[in-house]
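What follows is a single structure, written as structure tokens, with notes after it.
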Amino acid sequence: MYFRKCMASPVGKLTLLASERGIAAILWENDDPRRVRIPASIEVADDHPLLGDAEFQLQAYFAGSRRTFSLPLDFVGTDFQRLVWHALLTIPYGETRSYAQIARQIGRPKAVRAVGAANSKNPISIIAPCHRVIGANGKLTGFAGGLPAKALLLNIEAQSLRSIGECPSSHLLSV
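The opening residue of the sequence shown carries number 78 in my numbering; numbering runs sequentially from there.
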């Protein structure tokens with residue numbers, strides 16, 4: 078059984094999905110339904126405790142007061158996809174990595190395109206920070222929520238770090 082809750086955010090309406098094992102997906106308002114495997118049976122559960130915790134932690138993240146998430150995650154995908162998605166969790170707040178760096182990190186240095194494909198299918202956006210993955214040239218590349226949302230998420234992180242003197246203003250991005 079899966080449970081669903083919607084929330085407003087600075088990047089638009091998000092739909093949070095949870096299984097009995099953890100957060101299973103964060104879907105964008107205009108998400109491509111083929112991007113994430115969605116179960117047929119989903120119950121609306123605005124009072125589900127895990128979804129409430131996820132909403133609370135996401136709101137704190139958007140406010141710049143949370144850098145990490147402490148939620149159980151339920152990644153559903155191939156072994157390779159799960160390997161990439163777990164690598165995303167190691168990218169520090171306010172930092173970025175290229176697809177090639179992720180490929181090297183998981184021990185598959187020639188699998189750069191496959192890393193990009195897996196990144197594009199990341200079901201738990203924001204918490205598994207696929208927005209922190211950029212092109213080798215430093216440019217913002219595809220993102221399920223759109224490039225403006227990707228830039229906004231990176232800027233939230235940069236501004237939060239800058240407010241405590243940990244990030245120069247040159248790290249702020251625009252699309």
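From the three backbone atoms N, C-alpha and C, an ideal C-beta is built for every residue, glycine too.
Owing to the predicted nature of the structure, the values given are computational and were not obtained by experimental measurement.
Residue environment, S147, which counts as buried when at least 16 other CB atoms sit within 10 Å: Residue mapping note: residue 147 aligns to position 70 of the sequence shown, counting from 1. When all chains shown are included, S147 counts as exposed.
query: Near P87, what residues of its chain come up, given a Cβ to Cβ distance below 7 Å and the 5 sequence neighbours on each side ignored?
result: Here residue 87 refers to the residue found at position 10 of the sequence shown. Counting only Cβ-Cβ distances below 7 Å, and skipping sequence neighbours, we find F139 and L229.
field: Buried/exposed call for F152, threshold 16 Cβ in 10 Å
entry: Taking the sequence shown and counting its residues from 1, the one referred to as residue 152 is at position 75. Answer is buried; the Cβ neighbour count reaches 16.
- prompt: Do M84 and E120 have their C-beta atoms within less than 8 Å of each other?
  reply: In the sequence shown, residue 84 corresponds to position 7, counting from 1. In the sequence shown, residue 120 corresponds to position 43, counting from 1. No. Outside cutoff.
query: In whole angstroms, what is the alpha-carbon distance linking L166 and P116?
result: Position 89 of the sequence shown, counting from 1, holds the residue named residue 166. Position 39 of the sequence shown, counting from 1, holds the residue named residue 116. Straight-line Cα distance between these residues: approximately 24 Å.
- prompt: Taking the runs of the alpha helix (DSSP H) that are 4 residues or longer, which of them lie wholly in the stretch 133-205?
  reply: Runs found: 156-165, 176-182 and 189-197.
task: Go to K82, then tell me how far its beta strand (DSSP E) extends in each direction, as first and last residue.
output: As a working mapping, residue 82 is identified with position 5 in the sequence shown. Unbroken beta strand (DSSP E) run through K82: Y79 to M84.
Burial state of N196 (16 or more Cβ within 10 Å): Counted from its first residue, the sequence shown places residue 196 at position 119. The residue in question, N196, is buried, as its Cβ has 16 or more Cβ neighbours within 10 Å.
- prompt: Is it right to say L94 is buried, meaning 16 or more other beta carbons lie within 10 angstroms of its own, or is it exposed?
  reply: Here the question's residue 94 lines up with position 17 in the sequence shown. Counting Cβ neighbours within 10 Å, L94 comes out buried, since at least 16 surround it.
Residues of its chain near E234, where Cβ-Cβ distance is below 7 Å and the 5 sequence neighbours each way are ignored: Here residue 234 refers to the residue found at position 157 of the sequence shown. The residues are Y170 and G171.
- request: State the Cα-Cα distance for the pair G223 and G154, rounded to the nearest angstrom.
  value: Within the sequence shown, the letter at position 146 stands for residue 223. Within the sequence shown, the letter at position 77 stands for residue 154. Distance between the alpha carbons of G223 and G154: 22 Å.
- request: Evaluate F220 with the Cβ neighbour count: other Cβ atoms within 10 Å of its Cβ, from every protein chain shown; 16 or more gives buried, anything less gives exposed.
  value: Here residue 220 is taken as the residue at index 143 of the sequence shown, counted from 1. When all chains shown are included, F220 counts as buried.
query: So what does DSSP say about A131, is it helix, strand or coil?
result: The count along the sequence shown starts at 1 and reaches residue 131 at position 54. The answer is helix: DSSP assigns A131 an H, G or I state.
- prompt: Does the Cβ-Cβ distance between L238 and I204 come in under 8 Å?
  reply: Position 161 of the sequence shown holds residue 238. Position 127 of the sequence shown holds residue 204. Contact check for L238 against I204 fails: the beta carbons are separated by 8 Å or more.
query: Does DSSP classify A95 as helix, strand or coil?
result: Residue mapping note: residue 95 aligns to position 18 of the sequence shown, counting from 1. A95 falls in the strand class under three-state DSSP.
query: Taking DSSP as the reference, what is the three-state secondary structure of E106?
result: Working through the sequence shown from its first residue, we reach residue 106 at position 29. Coil, per DSSP.
- request: Return the chain-ordered list of same chain residues with a C-beta closer than 6 Å to the C-beta of S247, the five sequence neighbours on each side being excluded.
  value: Looking up residue 247 in the sequence shown gives position 170. For S247, the predicted structure reports a pLDDT of 43, less than 50, and the residue's modelled location is therefore unreliable. A value from the coordinates is still provided. Answer for S247: no residue qualifies.
query: Can you tell me whether DSSP reads P225 as helix, strand or coil?
result: The residue given as residue 225 occupies position 148 in the sequence shown. Note: P225 maps to helix in three-state DSSP.
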